[in-house]
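Residue numbers for the sequence shown follow UniProt numbering, beginning at 1 and rising by one.
Even for Gly, the Cβ is constructed at its ideal location relative to N, Cα and C.
Small disclaimer: the values here were computed from a predicted structure and weren't measured.
Here's the structure, in C-alpha cells; my notes come after.
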Amino acid sequence: MADDDWDTSTYEEAPADPYNKSSFAGQANTSAGGSATEQPAKQQDQLEEISAPLEALSVEAEEPAAAPGEIQTPAAAAEALEAEKQESSMPPKAELSVENFEREAALSQSEAPPAPVSASSPSTAKSPSAASPGRRTMGAAPADAPEFLREAHHGTAFTEQLSEDGLKFFNDLCEKPFADQAVAFLNAYWAEVGPQAEFIFTVAYDVLRKADMHAKGVNYVHLYEEGNDLDFNIGLYFYEKLCKFVLDDDAGAKWRDDPQWAASMPTMMTAIKRKIELREKVDVNFDGRVSFLEYLLYQYREHANPADFVQRAMKHDGEEEHPEIVKAREALAEVNKAIQAYEAEKHRLTELSKQPGVKGLGGKHQLAILDASPLAEQLNKSLITAEAAVRIAVRKFGNGKVPVSSGSGEAAPSVKPTQGSMWWLQRDLEEKKKHYGRRAK
C-alpha cells in the first residue's frame, strides 16, 4: 500500500493531555455501553464524573501544597511566595552560638562606661549591685571589671601576712579552749583592749559558750566541755544571738547605752553578708571555722591584726609561766571539776524528785539538803583554795586592774604580758563564787 493510501487524519498532533483525559473518557464510554446509539446525555454525565477527579489532580499539581491541616487558597499561596522572596533578599542571620553571644556581651560591656567605685569601700566594689544599670554581667568581662569571686588566699588576713611559723603558732593557739584564746588576746592588747575585758568575759564569752553548747546538743553545764572554734553556720548563730542580746533585748541596754562599750558593739548584718564577712575577714587561717581569737581580732581590728598579735605573743612563747600562776590556774581547774560533780548530782536529784510516790519524795528531800552535802563542801573548799592561789599570783604578777586606754595604739611599757591572765583568773573566780560560794547558797 502506498503512503498516500494511509489515512493520516487520525494521527494529527493532539493538544497536550498529561493525564490522558480523552483515553480515560473513551474507556468510560466503552464501559458504560460503548454503543454509538447510547443517549448523548448519559455519556456526557459519565464523562464529567470521571473527568472531575482528574482536573482536581491537575490543579493540585500546579499549585504549591498547603500546610498540613489547612486549605491554602491561591491568594494565600501568592502571599507566601512573596514573603519567601523577601526573606531570600535579606542578609543571612548570624548563627546563634555561645561564641557569638559572648562576643556581643563583651562588646556591650566595653561600650558601656564603668560604674564609679570608691577605693575606700571594698564591699561596694565586690557587690553586683554596684555595677552600672545598663551593664551586662554575662559573657567575657573586660579587664577592669570588679572581681566578684573571692581570690585564692595565701595566708593573708586584713592585708597582713603571717609567716609559716607565725601561722603555725596561730593555729596551735586556736586549738586551745575559748578561755585560753581570750587570755592570750588580752595579754597582747591589754593596754588597748583592756577596758573592754568585762564585755568580752560577760557577754561575748558567755554567748559563745552557749552557741557551742547548741552546736553540740548539750543542755546542761555539767555535761559541757569547752570547745575551741565554731563552723560558719554556728558562727552565724553566734552573731545572731550576740546582736539580739546587745542591740535588741532589754538586758543588753546597759551595754549598748553606755559609750564605754562602743568598741565592743557588733554590727547588724544579713545572714548572706555576715557569711561573706566571716569568710573574708574573720577567718584568719582560712580553715572554714571561727575561733574566739579570730572574733576578737576582727571586733577590735582598730587596735589589733593577726600579724601584730603573733609578733607580740611569740615574744613570750618560749617563756614558761611562773609556778604561782600555774598553781592558780590549776586551782580553778579543780573548781570546775567540783562544779561539774555538784551540777551532775543536782540534775539527778531534780529528775528523781519529779517521780511519783516515795522515790519522788526522797529526791526532793535529798535536793533540799544538797547544799550541806559532801559535794557542796568539796566545792566550797576548792573555791577557797583557788581564791588563795589567785590572790598570791595577782600580788606577784599584776593587780588585774583595768587600764585606762591611752588611744596611742601601743602597749604601755609598764604593762606586763600577764595582766590579761591575772584579770581573767580573778573574774572567773568571782563568777564562780557568785554562783557556788557559801553566801550564794
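Could you tell me the distance, in whole angstroms, from the CA atom of residue i to the CA atom of residue j?
i: Phe309; j: Tyr237; result: 26 Å
i: Ser123; j: Asp172; result: Reliability fails at Ser123, whose pLDDT of 40 lies under 50, so the model's placement of it is uncertain and no value is given.
i: Pro259; j: Lys359; result: 54 Å
i: Glu277; j: Met265; result: 16 Å
i: Gly420; j: Ala376; result: 30 Å
i: Tyr436; j: Leu162; result: 43 Å
i: Ser406; j: His303; result: Only weak support exists for where Ser406 lies, its pLDDT of 44 falling under 50; the coordinates are left without a value.
i: Asn228; j: Gln366; result: 36 Å
i: His154; j: Leu167; result: Note on His154: pLDDT 44, under 50, position unreliable in the model; the coordinate value appears next. One C-alpha to the other measures close to 11 Å.
i: Glu49; j: Glu82; result: 36 Å
i: Ala412; j: Ile384; result: The predicted position of Ala412 is uncertain, since its pLDDT is 43 and thus under 50; no value can be drawn from it.
i: Phe232; j: Ala386; result: 36 Å
i: Asp165; j: Glu294; result: 18 Å
i: Lys176; j: Leu230; result: 13 Å
i: Val193; j: Lys315; result: 19 Å
i: Ala372; j: Cys174; result: 40 Å
Measuring alpha carbon to alpha carbon, tell me which of the options ends up nearest residue i.
i: Glu345; options: Leu173, Val221, Pro306 and Glu164; result: Val221
i: Ala197; options: Asp212, Tyr300 and Tyr436; result: Tyr300
i: Met213; options: Ala80, Lys244, Val203 and Glu225; result: Glu225
i: Glu320; options: Gly252, Ala83, Thr418 and Ala333; result: Thr418
i: Phe397; options: Glu294, Glu324, Tyr298 and Trp190; result: Glu324
i: Glu201; options: Leu186, Ala191 and Glu192; result: It is worth fixing the name first, because residue 201 is Phe in this sequence and not Glu. When only C-alpha atoms are compared, the closest one is Leu186.
i: Lys381; options: Tyr342, Leu349 and Thr350; result: Tyr342
When you compare the CB positions of residue i and residue j, do they come within less than 8 Å of one another, or not?
i: Gln181; j: Phe292; result: yes
i: Ala179; j: Trp424; result: yes
i: Ile339; j: Lys273; result: no
i: Val203; j: Trp255; result: yes
i: Val282; j: Phe170; result: no
i: Val218; j: Lys241; result: no
i: Ala389; j: Lys327; result: yes
i: Ala188; j: Arg312; result: yes
i: Leu429; j: Leu352; result: no
i: Val290; j: Gly235; result: yes
i: Leu297; j: Pro306; result: yes
i: Met269; j: Leu247; result: no
What are the partner residues of residue i, as DSSP defines its beta bridges?
i: Asp317; result: Paired residue(s): none; Asp317 is not in a bridge.
i: Leu230; result: Val290
> Along the chain, which unbroken stretches of the alpha helix (DSSP H) at least 4 residues long are found entirely within the segment 250-290?
Replying inline: Entirely contained in the segment 250-290, the alpha helix (DSSP H) runs reaching 4 residues are, in chain order, 253-256 and 271-277.
>> Runs of 4 residues minimum, wholly inside the segment 319-377: which ones carry the alpha helix (DSSP H) assignment?
In response: Under the rule that a run must span 4 or more residues, the alpha helix (DSSP H) segments found entirely inside the segment 319-377 read 323-353 and 357-368.
> In chain order, which alpha helix (DSSP H) runs of at least 4 residues are fully inside the segment 149-221?
Replying inline: Correct list: 164-174, 178-188, 190-193 and 205-216.
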